[in-house]
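Student: Once you've had a glance at the structure underneath, I'll fire off some questions.
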Amino acid sequence: MTAKKKTTIILFSGDYDKAMAAFIIANGAAAYDHEVTIFSTFWGLNAFRKDQHVPVKKGFLEKMFAKMMPRGADNMGLSNMNFAGMGPKMIKHVMKKHNAMPLPDLVEMAQEQGVKLVACTMTMDLLGLQKEELIDGLEYAGVAAYLADAEEGNVNLFI
Amino acid sequence: MTAKKKTTIILFSGDYDKAMAAFIIANGAAAYDHEVTIFSTFWGLNAFRKDQHVPVKKGFLEKMFAKMMPRGADNMGLSNMNFAGMGPKMIKHVMKKHNAMPLPDLVEMAQEQGVKLVACTMTMDLLGLQKEELIDGLEYAGVAAYLADAEEGNVNLFI
Amino acid sequence: MTAKKKTTIILFSGDYDKAMAAFIIANGAAAYDHEVTIFSTFWGLNAFRKDQHVPVKKGFLEKMFAKMMPRGADNMGLSNMNFAGMGPKMIKHVMKKHNAMPLPDLVEMAQEQGVKLVACTMTMDLLGLQKEELIDGLEYAGVAAYLADAEEGNVNLFI
Numbered sequence: 001m002t003a004k005k006k007t008t009i010i011l012f013s014g015d016y017d018k019a020m021a022a023f024i025i026a027n028g029a030a031a032y033d034h035e036v037t038i039f040s041t042f043w044g045l046n047a048f049r050k051d052q053h054v055p056v057k058k059g060f061l062e063k064m065f066a067k068m069m070p071r072g073a074d075n076m077g078l079s080n081m082n083f084a085g086m087g088p089k090m091i092k093h094v095m096k097k098h099n100a101m102p103l104p105d106l107v108e109m110a111q112e113q114g115v116k117l118v119a120c121t122m123t124m125d126l127l128g129l130q131k132e133e134l135i136d137g138l139e140y141a142g143v144a145a146y147l148a149d150a151e152e153g154n155v156n157l158f159i
Numbered sequence: 001m002t003a004k005k006k007t008t009i010i011l012f013s014g015d016y017d018k019a020m021a022a023f024i025i026a027n028g029a030a031a032y033d034h035e036v037t038i039f040s041t042f043w044g045l046n047a048f049r050k051d052q053h054v055p056v057k058k059g060f061l062e063k064m065f066a067k068m069m070p071r072g073a074d075n076m077g078l079s080n081m082n083f084a085g086m087g088p089k090m091i092k093h094v095m096k097k098h099n100a101m102p103l104p105d106l107v108e109m110a111q112e113q114g115v116k117l118v119a120c121t122m123t124m125d126l127l128g129l130q131k132e133e134l135i136d137g138l139e140y141a142g143v144a145a146y147l148a149d150a151e152e153g154n155v156n157l158f159i
Numbered sequence: 001m002t003a004k005k006k007t008t009i010i011l012f013s014g015d016y017d018k019a020m021a022a023f024i025i026a027n028g029a030a031a032y033d034h035e036v037t038i039f040s041t042f043w044g045l046n047a048f049r050k051d052q053h054v055p056v057k058k059g060f061l062e063k064m065f066a067k068m069m070p071r072g073a074d075n076m077g078l079s080n081m082n083f084a085g086m087g088p089k090m091i092k093h094v095m096k097k098h099n100a101m102p103l104p105d106l107v108e109m110a111q112e113q114g115v116k117l118v119a120c121t122m123t124m125d126l127l128g129l130q131k132e133e134l135i136d137g138l139e140y141a142g143v144a145a146y147l148a149d150a151e152e153g154n155v156n157l158f159i
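Chains A, B and C supply the protein sequences, listed in that same order.
Numbering-wise (this note's numbering), the first sequence opens with residue 1 and increments by one.
Numbering-wise (this note's numbering), the second sequence opens with residue 1 and increments by one.
Numbering-wise (this note's numbering), the third sequence opens with residue 1 and increments by one.
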């Protein structure tokens, strides 16, 4: 068998640390020549938001969601020991000290390595997120596309 | 190879949004003719509780668990932005607006599509949940049955 | 095919209940003759901490992390219904009543059954955890080693 190995990750979580884990595994797998997909759904979509405000038309609830959710990878909280935002600062501080890549750089590196980044269109619809609000270079698809990737996969994870 | 593809999901989480993701993937996989199993354990069992009180004999701690845990899919909280129950209301509101299926309907659809729903007997024992308190049409099994399904699986997820 | 089945679990979570699930699955898979690896990263490493204080040299932030994180499997909180520590007590109480194994015993059993326990060196570096602070019998590796195990795996989970 000469087919490439496949790693397919659902990024559901909107936590900084879990998204880091997802992108570290994805970048590792890409370096080992896997075909890698990150399918971002629900709160995981926040990792793909632009960090500046994008003026788009929205209903009231969609505006509230947009306001309450973190804008982009750099503004996400921790799954553990968040301490009202102190946790992420500490983590970023030790990461800098140890020369570890912050999340926005991990996302960029994934794109450079050809990791396929997919935004779940059902979630975008539900939370009222529009393409203009997300970073460039994403694909847009639903659960059928995820399954097509995952069913041939070697490493399938839900994060 | 003509065998059916297999999707096997452990539903550990008791969060409304994570259970939704599990059932959306399961229903998608069933539509693509996978053999699908949702093995529900720990807090994930709450998605299978009946929403009315069922009078059964229980010890003190088991009664406390029963009281503290949400009764059925419709009463579960969110993993994120729960805001003391406001989050689930908002999500249900946007879901209705976008004609997305609420969780109880997703569970019903899974049953209609032949998704195998398994309740973890070890957890039932631990939390004092009895068959009478759970919805109809479940199978009852332990980790050995899960492994037998998962080890032949194409898509294995822990949610 | 005569090769052994492989189960590879990433333990990311530092929750008592999620770690229990990871070790119950791992021990089950080992009993069914799988080759099993638990790759422990981020908060999951807390399950491998010794429960007594180990005097090692650390920087200020690393000391803070060490203080704030639970020391060992027995001191971890629940992912759900933690109630400031009351939840874990209740769970341990019902577990004792039902003769279920507490987490430290599950970890020991995994070691006896030959489950490979790996501590993520990147996380150790980041959180300032040193080998002296972790239980004996661990291997130390990074994401490359995880992928090498997982890409041949039958059951891959992220917990």
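Glycine included, C-beta positions come from ideal geometry on N, C-alpha and C.
With distances taken Cα to Cα, identify the nearest neighbour of F48 of chain B among B:H93, B:D15, B:A150.
Tutor: Among B:H93, B:D15, B:A150, the Cα nearest to that of F48 of chain B is on B:D15.
Student: Suppose you measure from the CA of P55 of chain B to the CA of Q130 of chain C; what does that come to, to the nearest Å?
Tutor: Each residue's Cα considered, the two are about 52 Å apart.
Student: Look at the alpha carbon of P70 of chain C and the alpha carbon of L117 of chain C, and state the distance between them as a whole number of angstroms.
Tutor: Approximately 19 Å between the Cα atoms of the pair.
Student: For chain C, find out if any of its Cβ atoms is closer than 9 Å to the Cβ of F48 of chain B; answer yes or no.
Tutor: It does not: the Cβ of F48 of chain B has no partner Cβ on chain C nearer than 9 Å.
Student: If we ignore side chains and look at the alpha-carbon of each, how far apart do K6 of chain B and V36 of chain A end up?
Tutor: Their backbone Cα atoms lie some 21 Å apart in a straight line.
Student: Which of the three DSSP states, helix, strand or coil, is assigned to V94 of chain C?
Tutor: DSSP places V94 of chain C in helix when its eight states are reduced to three.
Student: Can you confirm whether A163 of chain C, when its beta carbon is compared against all beta carbons of chain B, has any partner nearer than 9 Å?
Tutor: Absent from the structure is residue 163 of chain C, since the part of chain C shown begins at 1 and ends at 159.
Student: In terms of residues, what are the limits of the beta strand (DSSP E) holding N156 of chain A?
Tutor: Residues 155-158.
Student: L134 of chain C and A119 of chain C look like a contact to me (Cβ under 8 Å); what is the Cβ gap, rounded to whole Å?
Tutor: About 6 Å separates the two Cβ atoms, so the contact holds.
Student: Taking the DSSP output, what are the residues bridged to A119 of chain A?
Tutor: According to DSSP, which records beta bridges pairwise, A119 of chain A is partnered with A:S40, A:Y140.
Student: Just the Cα atoms here: how many angstroms apart are P88 of chain A and G137 of chain C?
Tutor: Rounded to the nearest angstrom, the two C-alpha atoms are 32 Å apart.
Student: Using only the alpha-carbon positions, how far apart do S79 of chain B and G128 of chain B sit?
Tutor: Spanning the two alpha carbons is a distance of roughly 24 Å.
Student: Indicate whether at least one CB of chain B lies closer than 9 Å to the CB of N156 of chain A.
Tutor: Judged by the 9 Å Cβ criterion, N156 of chain A is in contact with chain B.
Student: Hey, how far is the Cα of G153 of chain A from the Cα of D33 of chain B?
Tutor: Taking the straight line joining both Cα atoms gives about 17 Å.
Student: So which residues of chain A does M122 of chain B contact, with C-beta pairs closer than 9 Å?
Tutor: The premise fails here: M122 of chain B is roughly 22 Å from chain A at the closest Cβ pair, so nothing lies under 9 Å.
Student: According to DSSP, simplified to helix, strand and coil, what is I9 of chain C?
Tutor: Of the three classes helix, strand and coil, the one that applies to I9 of chain C here is strand, per DSSP.
Student: Look at the Cβ atom of I25 of chain C, then the Cβ atom of V155 of chain C, and state whether they are nearer than 9 Å.
Tutor: A contact, by the Cβ cut-off of 9 Å.
Student: Please state whether DSSP places E35 of chain C in a helix, a strand or coil.
Tutor: In this structure, E35 of chain C counts as strand in the three-state DSSP scheme.
Student: With a threshold of 9 Å between beta-carbons, can M64 of chain B be considered close to chain C, or not?
Tutor: Yes, contact with chain C.
Student: May I ask you to report which of helix, strand or coil DSSP gives L106 of chain B?
Tutor: L106 of chain B: helix per DSSP, three-state reduction.
Student: Decide if E132 of chain B is buried, meaning its Cβ has at least 16 other Cβ atoms within 10 Å, or exposed.
Tutor: By the neighbour-count rule (16 or more Cβ atoms within 10 Å), E132 of chain B is not buried but exposed.
Student: Excluding five sequence neighbours on each side, which residues of the same chain lie with their C-beta closer than 8 Å to the C-beta of L103 of chain A?
Tutor: Correct list, in chain order: Y16, A19, M20, F23, A47, A73, D74, M76.
Student: For T8 of chain B and M90 of chain B, what's the separation of their Cα atoms in angstroms?
Tutor: Near 30 Å, if we compare the C-alpha coordinates of M90 of chain B and T8 of chain B.
Student: With distances taken Cα to Cα, identify the nearest neighbour of T123 of chain B among C:A145, C:V94, C:V107, C:A31.
Tutor: Nearest of C:A145, C:V94, C:V107, C:A31 to T123 of chain B, Cα basis: C:V94.
Student: So the alpha helix (DSSP H) M69 of chain B belongs to, where does it begin and stop?
Tutor: M69 of chain B -> no alpha helix (DSSP H), and no H or E assigned at all.
Student: Roughly how many angstroms separate the alpha carbons of E139 of chain C and D51 of chain B, rounded to a whole number?
Tutor: If I take the Cα positions, the gap works out to 47 Å.
Student: Cα separation between L61 of chain B and V115 of chain B?
Tutor: The alpha-carbon atoms of L61 of chain B and V115 of chain B are separated by roughly 33 Å.
Student: Which of the three DSSP states is assigned to L127 of chain C in this structure?
Tutor: Reduced to three states, the DSSP call for L127 of chain C is helix.
Student: Return the chain-ordered list of same chain residues with a C-beta closer than 6 Å to the C-beta of A141 of chain B, the five sequence neighbours on each side being excluded.
Tutor: Within the same chain, A141 of chain B has close Cβ partners V118.
Student: Which word fits N99 of chain B, buried or exposed, when buried means at least 16 other C-beta atoms lie within 10 angstroms of its C-beta?
Tutor: Exposed: under 16 other Cβ atoms inside 10 Å.
Student: Pick helix, strand or coil for L78 of chain A, following the three-state DSSP scheme.
Tutor: Three-state DSSP puts L78 of chain A in coil, outside helix and strand.
Student: Just the chain A side, please: which residues come within less than 8 Å of V118 of chain C by C-beta, in chain order?
Tutor: Result: empty, since nearest Cβ-Cβ is about 14 Å, beyond 8 Å.
Student: For K92 of chain A and K63 of chain C, what's the separation of their Cα atoms in angstroms?
Tutor: Each residue's Cα considered, the two are about 16 Å apart.
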